[in-house]
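Residue numbers (the numbering used here): 10 to 62.
Backbone N, C-alpha and C define an ideal beta-carbon position, used for all residues, glycine too.
One structure below.
Here it is, written out as structure tokens:
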């Protein structure tokens, strides 16, 4: 993994910044503003995705 941008040091996970960047880079990931599309379980969704590839 390579870090392309340094956002500084945080005492805790910068959750709001993380979600803002995730929404910008992966707009289809969220069904609406605060709800993740799908079941939220990668293990549950993996078989369904494998059959569509």
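Query, Result
"Residue 53 versus residue 38 - alpha carbon distance", "16 Å"
"Rounded separation between residue 14 and residue 50 - CA only", "28 Å"
"Contact belief for residue 28 with residue 16 at Cβ below 8 Å, rounded distance in angstroms", "Actually they are not in contact, since the Cβ atoms of residue 28 and residue 16 sit about 13 Å apart, beyond 8 Å."
"Same chain only: Cβ atoms within 7 Å of residue 31, ignoring 5 sequence neighbours per side", "38"
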